[in-house]
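Scroll down for the structure; my scribbles are underneath it.
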Amino acid sequence: MAGPPERTPEPVAQDDDAPREPAPADPAPPPAEPAPPAPAGPPSPPVQRSARRRGLRVGATAAALALLLGGYAVADAAGAAPGVLTLAPVPTAPAPAVPPGAAARPAPPEALAGLDPSAPRPDPTALAAALGPLLAAPALRGSATASVVDATTGQVLLDSGASQPQEPASVAKLLTATAVLHALGPDATLPTRVVAGAAPGQLVLVGGGDQLLTAGRSDPGATVGRAGLADLADAVAASLRARGTTSATVVLDDSLTGGSPQVEAGWGSGDIAAGYVAPLTSVALDAGRATPANYAPRSLDPGLDVARTLASLLAQRGVQVDPAAVVRGGPAPAGSAVLGEVRSAPLVDVVADALAESDNTVAEALARLVGAAAGRPPGFAASAQAVLEEASAAGVDTTGAVLVDGSGLGAGSQVPAAVFTSVLSTAARQPQAAPLLEAMPVGGLSGTLAERFAGGSAGAAGLVRAKTGSLTGVSSLVGTVVDADGRLLAFAVLADGTGPTVPARQSLDAVAAALAGCGCRTG
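First residue of the sequence shown? That's 1 in UniProt numbering, and the numbers climb one at a time after it.
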């Protein structure tokens, strides 16, 4: 499975790491400019998709110890259980063909095994000799920079332009993940609650940042659908009966993310229709997808979709409420009585899902949570700056880094390779950030690396954990690998002036594979 069509000179942005179909003989025209997000209109249908079960759930102290002593073993990806489908109105627009395998989202394998902590480090001179020709691969067109460090000590082993800022693409999500885990903690969960409004019978749905709700029952073993609207509707209906209330109106409090659907200026005109991202709202059903496919078109107003779906569920439970009358309002009254609440999966699992599937919508919501925790006003730039500050507070050297959003989809972010190896070496040494290392996909097995590390790089399948990044002319790979001597290394390779995406990705895979196979000792 490859990625999406390459971005052409037309203003059509390309998401990272989406399935790429074989190019047609004649390039298709860019997608039409989507209509601006608006609160009106029917809700998008709830989505039935494979529930992604947690592949990572460790205590902070245990994770730190495992990462200091652990290596990687080849493991197979487990299949996930199906989700729940309820309330399926007719879609407002036909969905495109589902990319092969897009709906199958296996859990990341657990792949930590024993390592010798006294394993020798590579010799920097030998390492440079081994990687230099690969970094000069024709597909990278001289644009590659690289950093390799000893993951558990932070010792620099290779610096090939590592302080030079490059467009990062989706590996920027590693900074967002680091920041949210540090700011809120891996065990934090996100509430979606309904409170009593100021007017009699008014219900206020307060979004808490959860983008992975489903319309059915909550699934305690899933990440997508850990919180289900059916359970929330049950609780609210029971509270209304206890109060003697038989009719209600529903209002959405979307203040966490800015009070209306938010679209970053640097996103391309076709990104929403192509399914790469949804306008950011404080709550969403399966990140705003309209049909059960990773790259299905996204709703133009995911938050209102949730509120209308909740109203329909309440009506099924005997509450007189008109789903068509749902509106977006201001913040809920302070101190309002809570009538019902559901909570997301722990952030460590949400982060793992966002990294494995390179989910831009979830990443932007996580960045917005970091901004809110720092007291920043809602906005992409403010949240991105808060991400950098929080990552720095976690111990990451963010020198030279500029972010415009939390996902890497927008234009204008610039991050040196050395910042990313600092992210990973920090994670290896700090319990709060340690889950980040296990959250990344495994080469040849899971997430956006499931169908990479083939051909000449196949020997590294199962040995590399990494986050991918792809935009037209940009390919990046950041992760960890255990070398032939058993040493855990962190690496980052960024190239923002590449040729066609597939050869560029293969060139990056070759670098990681060389690290996996190289003891790189002199003498």
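C-beta atoms are modelled at their ideal positions from N, C-alpha and C, and glycine is treated no differently.
Counted as a single uninterrupted DSSP element, the beta strand (DSSP E) harbouring T249 occupies residues T249 to D253. Taken through DSSP and simplified to helix, strand or coil, G132 comes out as helix.
Beta-bridge analysis with DSSP links K173 to no other residue.
DSSP places V370 in the uninterrupted alpha helix (DSSP H) bounded by N360 to A373. For L313, the uninterrupted alpha helix (DSSP H) run begins and ends at P302 to Q316, by DSSP. When beta bridges are read from the DSSP output, T480 appears opposite R465 and A490. With contacts defined by Cβ atoms closer than 8 Å, Q164 and V415 do not form a contacting pair.
In terms of Cβ geometry, V321 and V251 do not form a close pair [threshold 8 Å]. Using a Cβ distance threshold of 8 Å, S383 and G371 count as a contacting pair. In this structure, the alpha-carbon of L463 lies about 23 Å from that of P168. In this structure, the alpha-carbon of A290 lies about 6 Å from that of A296. Segment contact: the region 501–521 against the region 436–455, three or more CB-CB distances shorter than 8 Å; contact assigned. Under DSSP, R193 takes part in a beta bridge, and its partners are V206 and E341. Bridge pairing for R328: L252 [DSSP]. Straight across, the Cα-Cα distance linking P333 with G207 is about 14 Å. When R217, G221, V263 and V148 are compared, the shortest CA-CA separation from V350 is found for G221. P122 sits buried, since 16 or more C-beta atoms from the chains shown fall within 10 Å of its C-beta.
In the structure shown, the three-state DSSP call for A144 is strand. Annotation: L449 is outside any alpha helix (DSSP H) and is labelled neither H nor E by DSSP. Secondary structure at V474: strand, using DSSP grouped into helix, strand and coil. Assignment of T214 by DSSP, reduced to helix, strand and coil, places it in the strand class.
Shown here, D397 sits in coil according to DSSP, grouped into three states, outside any helix or strand.
Bounds of any beta strand (DSSP E) do not take in L436; it lies within the alpha helix (DSSP H) bounded by P435 to A439. Closest option to T176, judged by alpha-carbon separation, among T399, A363 and A393: A363. The Cβ-Cβ distance between A287 and D359 falls below 8 Å. Counting along the chain, the unbroken alpha helix (DSSP H) around D349 starts and ends at L347 to E357. The residue among Q155, A315, V156 and I272 with its C-alpha nearest the C-alpha of N294 is I272. In the structure shown, D234 falls within a helical segment according to DSSP collapsed to helix, strand and coil.
A direct Cα-Cα distance of roughly 46 Å separates T421 from A337. Remark: C-beta atoms of A352 and R226 do not approach each other more closely than 8 Å. The Cβ-Cβ distance between A237 and V319 falls below 8 Å. Across the set S299, S255 and A510, the C-alpha of S255 shows the shortest separation from the C-alpha of P377. Annotated as distal: G410 and V419, with beta-carbon spacing of 8 Å or more. In the pairwise beta carbon analysis, the region 155–162 is classified as touching the region 125–132: at least three pairs are separated by under 8 Å.
Annotation for G473: D496, G497 and T498 place their beta carbon closer than 7 Å to its own, counting only its chain and skipping 5 residues before and after. When the beta-carbon positions are compared, L339 and A235 come within less than 8 Å of each other.
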